[in-house]
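Chemist: Residue numbers for the sequence shown follow the UniProt record's numbering, so the first one is 1 and each next one is one higher.
First the structure, then my questions, so here it is.
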Amino acid sequence: MSIFNQKSKFKVKTEIRTVRQAVESPKMMPTQTPSAKKPISARATPRASPHPSSVSLGGSANDSLRAASGIRARKRRAGASPANNHNNSPSFSDSDDESDGDEDWEGNLDARKRQKRAHQERRLADPNRALRHPRLWAGEDLEAVVSKRLPIIHASDVASVNDKCQPVLGLAQNEVWVRLQYPGSRHPERYELVWGKDKIEALKDIMKVVNYVASTYLTDDEAQVFLEQNTGIYRKLEKSKNTNDGAGFKAALKEYNERLFALQKKSVIAKNLDAMHGIPRELVAFILDQVYDRTVAPNVELLAKYENGTDNVYGELLHPFISDMLERTNLTSDKVFVDLGSGVGNVVLQAALETGCESWGCEMMENACNLAEAQQKEFSARCRLWGIASGKVHLERGDFRKNDKILTALKRADVVLVNNQAFTSQLNDNLVNMFLDLRPGCKIISLKTFVHDNKLAENDVATSILDVEHLTYPEEYVSWTSASGTYCISTRKGQPVESDS
């Protein structure tokens, strides 16, 4: 799946989701994994938690409760123990045979070919984007590097034996500590090999990191030792997990850390990142979920609070939905994105990470703002951990109708998101007046149209300034319902201004 390989011969079905008539919800293609027979689902995040991209909704108490309960339901499904496991601890197969049959053709493809297919799906349309983090460790003398560690929230800070989690792989409590190396820094992350309901699943998290590092940051030759089908490090981790071999898992992880560290010291990671101009969607979602699981998830109950009958209701647009929106609006690293009602900031962070754009958000709910700030801090440190330079992120507090920085950013915006699914009519009218200041050609993504058929065109400001495209999104794209739905992409009318450059 390396960026250095040729185009995959496997064709990926293109999803077309328009417009004014109902269409069957497309099925999402699974994310690939080095295992030849058990692909990681595209929706299987570290804890299959909400795949969060958040926005504030306006509406009733029921809307808020549905949104919050939708988030909690995903957390419960992710944290639920396997069937017939009565002590709420994970069970692993003692067999090395992981065959699930031949029904899924993707599960039987060669792992490297499947990785290449996944890369076909990522955004690489921005050759001007510089992906390498400016503070990436590229093998300099350790004595010359500042020893201060990255201020990340370690997995062991939120999932540990001290937090009522249970050791796995037959390990004793004093044997669960491990460290995990990342491609962007010499400082590893601390994990405990434990399991707990609604907690980070250490084994899955670690194995996904190994997978993404090898398949995204390395050439085929460099990745061979990590992803080779029978003797690769990933396979050793997988086999140790399935046979409940704690010592074997720790030994394979130690080998991974040492080999990646050696590649870092040789500047291999830095060189390869310099040749990259985009990130696979799956890796974007995984990094964002790592941030979310360490900041928002432990405090998710705070998002269940609402103000009945107001615009302050919480809901989330999920990662695949946001990726589709960013691609449809052709958001690139030289553009400006603004999220009006940004919740805990996930859409803002995803836009900055996935496209490298300048990304703004504004939120007025205090709890959401506090969590957004925690996410921004962790996001910044974790981007450095992964060695990826995101776009600049700006999160503002307060009413976006009155925030001077947001109003100024809107005048430069190329894409604006406003989830007006349950906004009051007054707020929607206020937004239309704000759109008068948008540049011609600016795209406005909304859950509901601002142009209504029952208005007279001569009296309808929205009709006079917006061209509207009506689209549909498939099931499982928003947190407050599992059903499919509709949304709009409106374009500010007028002749786009030519750039001086």
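Virtual Cβ for every residue (Gly too), placed ideally from N, Cα, C.
All of these numbers come straight from a predicted model, not from anything done at the bench.
1) Determine the DSSP secondary structure at Tyr256, reduced to helix, strand or coil.
2) On a Cα-Cα basis, can you pick out the residue from Ala155, Phe400 and Gly184 that is closest to Arg132?
3) Any idea if Ser99 is buried or exposed, counting beta-carbon neighbours within 10 angstroms, 16 or more meaning buried?
4) Between the C-alpha atoms of Asn244 and Gln290, what's the straight-line distance to the nearest angstrom?
5) Helix, strand or coil: how does DSSP classify Leu471 here?
6) Helix, strand or coil for Leu302 per DSSP?
7) So what's Glu143 in DSSP terms, helix, strand or just coil?
8) How big is the Cα-Cα spacing for Asn403 and Ile322?
9) Okay, do the region 386-396 and the region 346-362 touch, 3+ Cβ pairs below 8 Å being the bar?
10) Using DSSP with H/G/I as helix, E/B as strand and the rest coil, what is Asn88?
11) Distance check for Ala155 and Glu192, CA to CA, integer angstroms please.
12) Does Tyr477 come out as helix, strand or coil in the three-state DSSP assignment?
13) Within the chosen definition, does the region 365-372 reach the region 325-339 through at least 3 CB pairs nearer than 8 Å?
14) Considering His319, what are the terminal residues of the beta strand (DSSP E) in which it resides?
15) Let me know if Gly441 comes out buried or exposed under the rule of 16 or more other beta-carbons within 10 Å of its beta-carbon.
16) Among the candidates Gly170, Ala413, Glu316 and Met276, whose CA atom is the shortest distance from the CA of Thr216?
17) Can you confirm whether the region 267-283 touches the region 211-225 when touching is taken to mean that 3 or more C-beta pairs between the two stretches lie within less than 8 Å?
18) Whole angstroms are fine: how far does the CA of Val296 sit from the CA of Asp399?
19) Take Ser446 and list the residues in its own chain whose beta-carbon comes closer than 6 Å to its own, dropping the five residues that flank it on each side.
20) Please list the terminal residues of the continuous alpha helix (DSSP H) segment that includes Glu268.
21) Just reading off the alpha helix (DSSP H) that Cys383 is part of, what are its end residues?
22) So who's on the other strand from Ile444, going by DSSP bridges?
23) Of the choices Arg439, Gln426, Asn162 and Phe379, whose alpha-carbon is the least far from that of Thr408?
24) The alpha helix (DSSP H) with Asp220 in it runs from where to where?
25) According to the neighbour-count rule (16 or more other Cβ atoms, all chains shown, within 10 Å of its Cβ), is Thr231 buried or exposed?
26) Name the two residues that bound the continuous beta strand (DSSP E) containing Arg281.
27) Starting from the C-beta of Arg76, find all residues in its chain whose C-beta is less than 6 Å away, skip the five residues before and the five after it, and write them out in chain order.
28) So Glu238 is in the beta strand (DSSP E); what residue range does that whole segment cover?
29) Would Gly246 be called buried (16 or more neighbouring beta carbons within 10 Å of its own) or exposed?
30) Compute the Euclidean distance between the alpha carbons of Phe249 and Gln264, then round it to the nearest angstrom.
31) Taking just the CA atoms, how far does Gly139 sit from Arg382?
32) Please report the distance separating the alpha-carbon of Glu255 from that of Gln181.
33) Count the other CB atoms, across all protein chains shown, that sit within 10 Å of the CB of Lys199; report buried if there are 16 or more and exposed otherwise.
34) With a 10 Å radius around its C-beta and 16 neighbouring C-beta atoms as the bar for buried, classify His187 as buried or exposed.
35) Measuring straight from C-alpha to C-alpha, what distance separates Ser425 and Asn162?
36) Among Val451, Ile444 and Ala413, which one has its Cα closest to the Cα of Asp429?
Modeler: In this structure, then:
1) helix
2) If we check each option's Cα against that of Arg132, Gly184 comes out closest.
3) Low confidence applies here, because Ser99 scores a pLDDT of 41, under 50, leaving its location unreliable; read the following figure in that light. Exposed, since its Cβ has fewer than 16 Cβ neighbours within 10 Å.
4) In this model, Asn244 and Gln290 are separated by some 25 Å (Cα to Cα).
5) Note: Leu471 maps to strand in three-state DSSP.
6) helix
7) At Glu143, the pLDDT of 49 sits below 50, so the modelled position is not reliable; the number obtained from the coordinates is stated separately. It is helical.
8) 24 Å
9) yes
10) Annotation note: pLDDT 41 at Asn88 (below 50); position unreliable, no value reported.
11) Looking at the two C-alpha atoms, the distance is approximately 7 Å.
12) coil
13) The region 365-372, when compared against the region 325-339, does not touch it at the 8 Å Cβ threshold.
14) Where His319 is concerned, there is no enclosing beta strand (DSSP E), although the alpha helix (DSSP H) it sits in stretches over His319 to Arg328.
15) Exposed: under 16 other Cβ atoms inside 10 Å.
16) Met276
17) Yes: at least three Cβ pairs fall under 8 Å.
18) If I take the Cα positions, the gap works out to 22 Å.
19) Val418, Asn420 and Cys488
20) Per the sequence shown, residue 268 should be read as Val rather than Glu. Segment Val268 to Asp274, the alpha helix (DSSP H) holding Val268.
21) Glu366 to Trp386
22) Val416 and Ser490
23) Between Thr408 and the set Arg439, Gln426, Asn162 and Phe379, the nearest pair of CA atoms involves Arg439.
24) Asp220 to Leu227
25) exposed
26) Arg281 -> not in any beta strand (DSSP E); alpha helix (DSSP H) instead, spanning Arg281 to Thr295.
27) The pLDDT assigned to Arg76 is 35, lower than 50, so where the model puts this residue is not dependable, and the model offers no usable value.
28) Not the beta strand (DSSP E): Glu238 falls in the alpha helix (DSSP H), residues Ile233 to Asn242.
29) Classification of Gly246: buried, given that the 10 Å Cβ count is 16 or more.
30) Here the alpha carbons of Gln264 and Phe249 stand approximately 23 Å from one another.
31) Cα to Cα, the separation comes out at about 19 Å.
32) If you take the alpha carbons of Glu255 and Gln181, they lie about 11 Å apart.
33) buried
34) buried
35) Separation of Ser425 and Asn162 (C-alpha to C-alpha, rounded to the nearest whole angstrom) is 49 Å.
36) Val451
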